[in-house]
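Straight run, no breaks: the sequence shown in my numbering ends on number 1415.
Even for Gly, the Cβ is constructed at its ideal location relative to N, Cα and C.
All of these numbers come straight from a predicted model, not from anything done at the bench.
To keep things clear, I will list the structure first and then write my remarks on it.
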Amino acid sequence: MHHPYQIRSLEQYHTDYKRSIEDSEGFWSNIAEQFVWKKKWDKVLQWNFNEPRVRWFEGAQLNITENCIDRHLADKGDQPAIIWEPNDPSDRTRVVTYNILHKRVCQFAQVLINNGVKKGDRVCIYMGMVPELAYAVLGCARIGAIHSVIFGGFSAQSIADRLADAKAEFIITCDGAYRGAKDIPLKSVIDDALVGNTTVKRVIVYTRTRTPVSMIKGRDVWWEEEMEHAALQLEQAGSVHVPAVAMEAEDPLFILYTSGSTGKPKGVVHSSAGYMLWTNYTFINVFQYQPGQVHFCTADIGWITGHSYILYGPLSAGATSVMFEGIPTWPDAGRFWDIVDKYKVNILYTAPTAIRSLMGFGMQPLEGKELSSLQVLGTVGEPINEEAWHWYDEHIGKKRCPIVDTWWQTETGGVLISNLAGITPAKAAWATLPLPGVQPMLVDENGKQVTERDEQGLIKGNLCIKTPWPSILRTTYGDHERCRQNYFATYENLYFTGDGALQDEQGNFRITGRVDDVLNVSGHRIGTAEVENAINAHAGVVESAVVGYPHDIKGQGIYAYVIVSHFHQDAEQTRKDILQTVTRVIGPIAKPDKIQFVSGLPKTRSGKIMRRILRKIAEGETSNLGDTTTLLDPGVVEEILKGV
Ligand code: PRX
C-alpha cells in the first residue's frame, strides 16, 4: 500500500514534475486534500519575491498536531510513534505509541495553558534529546505557540541573544543532558542566559540527569509537577483530549535561528500549512516511506533536520521515528549499527560528517552487526565525498539500499533536490533532480542564467530557485527587510540559496558548497563574521579574520588569523583563552580548529580584508595566491606564509 501521492516510477516522477509546474495550484491542492483541515483554503498560492510575500492555502485553518497525531489514533493508536534510545545503551528504552503521544502532548499543552502561554507567544526550548522535547514542541504547536528550539551546544550568550530577538517569555529546559560520557548542565546555562533578562516569565524544567539546579521562586517550575497537575485537571474534566487550536494556514509554526554572512543569526520563520505539506510530501517521496517502516534520523531536534525528519515529516505520515539521545561514538563507534539492529531500522538518515568519522574507526565496529533491516539510506547537511558515499553504500547498505543525497536548508523547510529512493537514479555525490514544484536555476554574478557548458558538459553557477514551494521561509523574525536582503535581493525575482552548484546534461545537480561567508562545519552552519565577532570579544585581540579549510572529517574546519596586542603569559595560553571566549560567546561548535597569530592581515587600499588569499593559505597553498598587487602591504602575505 502506498500513499496516494507517492511517486512510484521514474516516468511518474517526470509527469508529476511537469504537472507541478504547469498546474501548480491543481497539483498541490490535490495533495492538500489528503490532510485534516478545520477549514479549506480559498486560494492555493499567492506570491511575489520582491516583498517577499508568499501565501499558500490562504483562508484555510488547521492544526499540524491533528495531522501528526489525532488522525492516526483510529488505526495506529498502538503503533510506536517514537522509539527513544537513551544515551546509555543499558538504560531502559521508551516506546511512545500514537495513543501515548496524544495523551502526553495534550497534557503538556494543558501545562502551557496553565502557565499562561497563548497562541502566538514565543517559547524557547533548550533540552536534550528526550521524548519530552517532542512533547514540548508538539504541545506548543497544539496551542499555537511559536516554538524556537535552540541546540544544546549553544552558549548562554547565544541563548540570551535569541531570547531577546524572539521576545520570548517562556522557556522549557532540562536540568541537564547526557551526550556520550558528558553531562551538560542545561538549566545552569539558561540561568546564565537569564541574568538581567526581564521578559521571561516562566521556566519549565524537566528532570533528566538529576544535576542539582537552582529553582527561582515565581519563575521556575518542575515539568513533573506541572504534568501531574494537568493530568488531574484533565481527569476531572473527563478526557485526556485538549483541543487543537485552529491556526491560519500562514500562521507561524516555529522560529529556528541559523547563521548567515552577517554577525547575527537570523530567526527563520516557517508557516503551518505549507511546512506541514512539504515535510510530509518529501518524507514519503524521498525516502519512499512504506507503512510500518522504522525511520531513524540521527540529527538533533535543535537543527532543521530534526524538526522536519524526526518529528513533523514522519509523524504526519504515521511512521515510527527513532529518537536517539546520545552520540555515534559512545560507548563505541558501533552505536548507530546497534540501534539499527535493535529496532530493525529500515530508513537511516545521517550526515556525511558522521559517516566519515565512523569510517575512520575501520571495520571492527561493524563486526557482528547485521544491518539486514536497512532498505534506504540518506545523507544531508553538506556535500558528500565519493569515498564516504561508497563506504556507506558497501558497508552499511551492502549495495542493496538506495542512497538519497538530500540537498536543502533551514530556510527551505524540507528537501528540495534529491533522488527518490529506488525510483529516480542515484549518482554518487550528486543530489540529482529537483522535487516536484521546485525550479532550480544556475546564475552568474549578475543573475543571468548560465547555459554554457564546460568541456565536461557541466553548467556551473550560483543556485537559485525561481518559484515558491510550500515550505519556503516566510520571513526572518522581527525583521522582514533582512529576509528580503538576504534571500531575495541578490538576484531579481529569485530566491538565492547561497550555494554554488553544477548541473550535468541529464539535469542532475551537484551542490558544491557555500559561495558566501558561511562555513559548513560538521554539517552545521557558522558565519565567519559570527566567529570573528566572538574572537574579537577577547580582551587581547586587535583584529581577526576567519576562513574555512578542507577538513577530513568535519568537511570544513575553522581557520582564524588573529592579531593580538600582546600574549597573556604565552602564545599557547592566549590561544586557549581565545577558544574559551568563543565557547562563551557562541558555543563549543564554533571553536576554531586552527589559530595563527599574525601581525597584519592582507587588506586592499580601501581596507577590505582579502579573504581569497587567506582561504588559499589555509588550504595549504604557498604559491599561486593570485593577484596580490592591489594589497596595501604585500609583505603581510610573506609574513603569514612564514608563520603557517
Ligand atoms: O551548503 C548547503 C549545505 O548545507 C546548507 C544548509 O545548512 P542548514 O540550513 O544548516 O541545513 C542543513 C540541513 C538541511 C546548504 O546551503 N547542504 C545541505 N545539504 C546538502 C548540502 N550541501 C551539499 N549536499 C547536500 N545534500
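If only complete runs of 4 or more residues are kept, the region 1198-1281 shows the alpha helix (DSSP H) at 1251-1254, in order along the chain.
Assignment of F1025 by DSSP, reduced to helix, strand and coil, places it in the strand class. Secondary structure within the region 935-981: the beta strand (DSSP E) runs of 3 or more consecutive residues, fully enclosed, are 941-945, 948-950, 953-955, 973-977 (chain order). Note on geometry: alpha-carbon atoms of E1410 and I1388 lie some 12 Å from one another. The DSSP-derived three-state label of M900 is coil. Fewer than three beta-carbon pairs drawn from the region 1044-1064 and the region 905-914 are found closer than 8 Å, and the two stretches are therefore not classed as touching. Comparing alpha-carbon positions, the option among A907, K811, N1056 lying closest to Q783 turns out to be N1056. Our two residues, I1174 and R1376, have alpha carbons roughly 49 Å apart in a direct line.
Along the region 1268-1355, the beta strand (DSSP E) occurs as fully enclosed runs of 3 or more residues at 1280-1285, 1289-1292, 1295-1298, 1312-1322, 1326-1335, listed in sequence order. Within the region 839-863, the alpha helix (DSSP H) runs of at least 4 residues that lie entirely inside it are, in chain order, 844-847. Of all alpha-carbon atoms in H1166, Q1277, N1233, Y1120, the one lying nearest the alpha-carbon of G1133 is that of H1166. Only exposed fits Q1227, as fewer than 16 other CB atoms lie within 10 angstroms of its CB. Taking one beta carbon from each stretch, the region 852-867 and the region 1040-1057 have fewer than 3 pairs nearer than 8 Å; the two do not touch. In the structure shown, the three-state DSSP call for W993 is strand. By the CB criterion at 8 Å, P1321 and E1223 fall outside the cutoff. With a cutoff of 8 Å on beta-carbon distance, D1270 and L1244 are scored as not near each other. Placement of the Cβ of R1296 at a distance of less than 7 Å from at least one heavy atom of the ligand PRX is found. Counting only the Cα atoms, R1171 lies some 37 Å from M898.
Annotation: Q1327 to V882 spans about 42 Å, alpha carbon to alpha carbon.
For G1184, no alpha helix (DSSP H) run applies, since DSSP gives it neither H nor E.
In this structure, the ligand PRX has a non-hydrogen atom nearer than 7 Å to the beta-carbon of R1285. In the three-state DSSP reduction, K1365 falls in the strand class (E or B). For S919, the uninterrupted beta strand (DSSP E) run begins and ends at 917-920, by DSSP. I921 places its beta carbon less than 8 Å from that of G1073. Three or more beta-carbon pairs separated by less than 8 Å are not found between the region 815-825 and the region 1066-1081, which leaves the two stretches without contact. Around the beta carbon of G1097, a 10 Å sphere encloses 16 or more other beta carbons of the protein chains shown; the residue is thus reported as buried. By the Cβ criterion, the region 864-874 is not in contact with the region 927-945, since fewer than three pairs of Cβ atoms, one from each stretch, lie closer than 8 Å. Annotation: K810 to A1017 spans about 9 Å, alpha carbon to alpha carbon. Taking the Cβ atoms as the reference, Y1028 lies roughly 7 Å from K1037, within the contact range of under 8 Å.
In this structure the region 1076-1093 does not lie against the region 1141-1148, because fewer than three pairs of beta carbons, one per stretch, are closer than 8 Å. Distance from P1023 to S1042 at the Cβ level is roughly 6 Å; contact confirmed, criterion being Cβ atoms closer than 8 Å. CA-to-CA, the gap between H843 and M1381 works out to about 56 Å. Excluding five sequence positions before and after Y977, the CB atoms of its chain that fall closer than 6 Å to its own CB belong to E903, C945, W994, given in chain order. In this structure, V1151 places its C-beta atom within 8 Å of the C-beta atom of T1177.
Here the distance from the Cβ of I1282 to the nearest heavy atom of the ligand PRX is below 7 Å. Here H1041 carries a strand assignment [DSSP, helix/strand/coil].
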